[in-house]
Amino acid sequence: MVRKLTALIEKEIKDLLRDPRIYIGLIIPLLIFPLMNSIAAATIAPALEKAQHLNIALLDEDKTQASFSVRQFLENYGFSIFEIKEDEKQKVLNSTEFNALIEIPSGFGRGIESFNRTKLKVYFLVSKLDIAESAKLSSVEKALSDLNEYFSTNIIMQLGDVDPNFVKSPIQLQEGTVVKGNVIDAPPSTLISQIFGQSFFIPLIIFLLSIVVAQIAATSTAVENEEKTLETLLTLPVDRASILMAKLLASTIIAVIGTVFYMIGFQYYMMEFMGGMFAGSSISLGTSNPFVYLMLGASLLIAILFTTSLGVVIGALSNDVRIANSFLGVLIIPVMIPAFVLMFGGSIESLPLALKAVLLALPTSYPMMLSKSIMLGDIPIEAIYGLPYSIVVTLAVIYLTSRLLEPERLFRLQYKVMSWRMRKAKKHA
Amino acid sequence: MVAVLVENLCKSFGVFEVLHNVSFRIEEGEIFGLIGPNGAGKTTTLRILATLLLPTKGKVEIFGLNVIENPDKVRRIISYLAEDSGAYRNLSGREYLKFLAKIFYDNREEAQKAIDEAIAMSGLENRIDDKVKTYSKGMKRRLQVARVFMIKPKLAILDEPTTGLDVIHSQEIRKAIRTYSKERGVTVILSSHNMFEVEFLCDRIALIDRGRILEMGAPHEIKKKYNALNLEEAFVKVVQGG
């Protein structure tokens, strides 16, 4: 029994891993994300470099030490400053050679010296609407913000022997956030960003895993039909449960590998390109309750077996991979609903009754629901009742799938599916 | 000993009756051919023997085992070759044979011996480690026939074993089936359109049309009975009722 099952699993894994449709799908995320990253870097890096060499037109109507300081500050920033006269202003505004026009009005220096707020007029000259242009404008904005900071510090220093940092921010906040009794040394904004990252990533992994596993199982079984190997397989002295179990296990192993590759690629992309928005935060939000992890692991395994069984059903009823893929589109919906609701922050309680019922009826919802418990440490009551329910539903699906692999039944259903498709094709023709 | 016993076999798909009261018996070691046009019921009969389909009515026994009551035991003593059946494209010929040997043999040495014999029978020694997807149609069929006999079945069920093959490859396959059956005493039931093939291979044949067996006997007896030069002529006369 074990020997036969091992032989079946070995055959499944070898056949799957060597199939270009499978291994290309596994390798692509490892290549595509760094490639996307390189493309983004190739586009943005020159833009940022260009942003350092900007032409700024300066209309100085003040001619004081303060206005001179503005000029010097901007020059030190690396900008090329071109002083213009009032009658040249319109020409500059229509020109594409300049990136900004800064107008220092008369009285600017006097205002600063007498501690009155004073104005500095800036025209951002937009010639193109692209990333490079946006980077240039941001660069000017940053320089002007720093200029403001520079004047503020100087003024405070003139007031006496005080620390400008103290005047600007006399209270130093030490922020901590308490979640369900756990004290975390971080402000809530950091916490929310981390929660968003985790509540997005974990359902994303579960979503991907469910889809990939169903697709692999459907493809592998449909290929058996296409190549007529299923017919031979069903005449071998192995029980139908072993045939099904081999397909479920092999598909799961390949799907886990695929998901790990995808997440490595995605994580790399996010860290490199998004500057580690979701990753690398120093705070740890995982609960220490091992029961939550146990529940999550169990619900994930059940969800995977559920979608893989559905994949096998789809593959078994399809004469070829093309038909299997078109049926898969329908299967993706039950996996997508909980994924999208929970990925984008929705909670079960806030849903309309019908959608809530759909969500609770699907074993794929529970790992997503429980993924939130990792952060907060509590297990929703729906998940506690939902886990045994999922086990029953999944076992029923597995049982029905193994019954489907009884050849007589399978051939009859295949015939029905084929007749239905032919009728549909005739209707359209 | 009776290898195959089929009595009053009927098979219907919905209202469509594919087999009607089909009866025949095959003795151990015999090569028996089911001959008939497309849609005659040959493949359905072979699929019932291979435990892929259930009879609607009638009795089917293989070496005394009823196919409905003991499908698992039947599967241990049969080997089935479906028409146009392929092997796993991404496995090598050797890996494919090894996979099947693991299913049928508990003893590793016996399995290895069977694999070596199957490789020799297939004539694919130089290509056996290449992936099946690189094989020609003839090579794939030779591999399939080799795997059928590799497991030393008591009954080999072959649906159109030489279909789509050229003359030379067809002849090789026929010779292999004949030699293996006679040397090892394996009972064979096969279906074919090819009257020459049937005459060369089969000890006895049954002519089947629209789900009914019209005539049965040794090829030379049927030819004699219908005063025909060859089986094709005899078949036409049988079908036309002459």
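Those sequence lines, one after another, are chains L and W. Read in the numbering used here, the first sequence has 270 at position 269, and its numbers run on one by one without any break. Read in the numbering used here, the second sequence has 150 at position 128, and its numbers run on one by one without any break. Note that CB positions come from ideal geometry on N, CA and C, so glycine has one too. No experiment lies behind these values; they were computed from the predicted model shown.
- Against chain L, a Cβ distance below 9 Å from Thr184/W picks out nothing, because the smallest value is about 16 Å.
- Contact of Ala43/L with chain W is not assigned, every C-beta pair being separated by 9 Å or more.
- With at least 16 other beta carbons inside 10 angstroms of its own, Thr66/W counts as buried.
- Contact note: Ile100/W reaches chain L through Thr236, using a C-beta cutoff of 8 Å and chain order.
- Among the residues facing chain L, Leu56/W is not included, as its CB has no counterpart in that chain under 9 Å away.
- Taking the beta carbon of Glu117/W as reference, the chain L residues within 7 Å of it are Lys15, listed in sequence order.
- Within the DSSP bridge table, the entry for Val322/L names no partner.
- From the beta-carbon of Gly108/W, the residues of chain L found nearer than 7 Å are Glu228, Lys229 and Thr230.
- Closest option to Glu50/W, judged by alpha-carbon separation, among Ile235/W, Asp225/W and Lys246/W: Asp225/W.
- If you compare the alpha carbons of Phe341/L, Ala58/L, Gln415/L and Lys229/L with that of Asn100/L, the shortest gap goes to Ala58/L.
- Counting only Cβ-Cβ distances below 9 Å, Phe328/L has no contacts in chain W at all, with the closest Cβ about 22 Å away.
- One Cα belongs to Lys120/L, the other to Leu130/L, and the distance between them is close to 28 Å.
- Of the residues assessed, Asp63/L falls on the buried side of the cut-off, its CB having 16 or more other CB atoms within 10 angstroms.
- Annotated as distal: Ile53/W and Leu229/W, with beta-carbon spacing of 9 Å or more.
- Ranked by how close their Cα comes to the Cα of Tyr102/W, the residues Lys159/W, Phe222/W and Ala72/W have Ala72/W in first place.
- In terms of beta-carbon proximity, Asn88/W stays away from the interface with chain L, with every pair separated by 9 Å or more.
- Taking all protein chains shown into account, Met369/L has 16 or more neighbouring C-beta atoms within 10 Å of its C-beta and is therefore buried.
- For Asp61/L, there is no enclosing alpha helix (DSSP H); the residue is part of the beta strand (DSSP E) that begins and ends at Asn56 to Asp61.
- Here Ile305/L really is in contact with Val214/L; their C-beta atoms are around 5 Å apart, less than 8 Å.
- Taking a Cβ-Cβ threshold of 9 Å, the residues of chain W close to Arg4/L are Lys124, Ile125 and Asp128, in chain order.
- Under the criterion of beta carbons closer than 8 Å, Val257/L and Leu148/L do not qualify as touching, at roughly 54 Å.
- Taking 9 Å as the threshold, the shortest C-beta distance from Lys248/L to chain W does not fall below it.
- Counting the other CB atoms within 10 Å of its CB gives Val37/W a total below 16, which places it among the exposed residues.
- The beta carbon of Val239/L falls within 9 Å of a beta carbon belonging to chain W, placing the residue at that interface.
- Closer than 9 Å to the CB of Thr156/W there is not a single CB belonging to chain L.
- If you draw a 10 Å sphere on the C-beta of Ser213/W, you find 16 or more other C-beta atoms in it, and that means buried.
- Here the alpha carbon of Tyr78/L sits roughly 18 Å from the alpha carbon of Leu60/L.
- When C-beta atoms of the region 155 to 169 of chain W are compared with those of the region 188 to 203 of chain W, three or more pairs fall below 8 Å, so the two segments count as touching.
- Counting along the chain, Tyr124/L sits inside the beta strand (DSSP E) bounded by residues Lys122 to Phe125.
- As the crow flies, the alpha-carbon of Val418/L is around 15 Å from that of Val331/L.
- For Gly239/W, the enclosing beta strand (DSSP E) stretches over residues Arg234 to Gly239.
- With fewer than 16 neighbouring CB atoms inside 10 Å of its own CB, Thr201/W falls in the exposed class.
- For Thr73/W, the closest Cβ of chain L is nearer than 9 Å.
- Listed by position along chain L, the residues whose Cβ is nearer than 7 Å to that of Phe218/W form an empty set, because the closest Cβ is around 26 Å away.
- Taking a beta-carbon distance threshold of 9 Å, Ala8/L counts as an interface residue toward chain W.
- Note on geometry: alpha-carbon atoms of Lys229/L and Ser351/L lie some 49 Å from one another.
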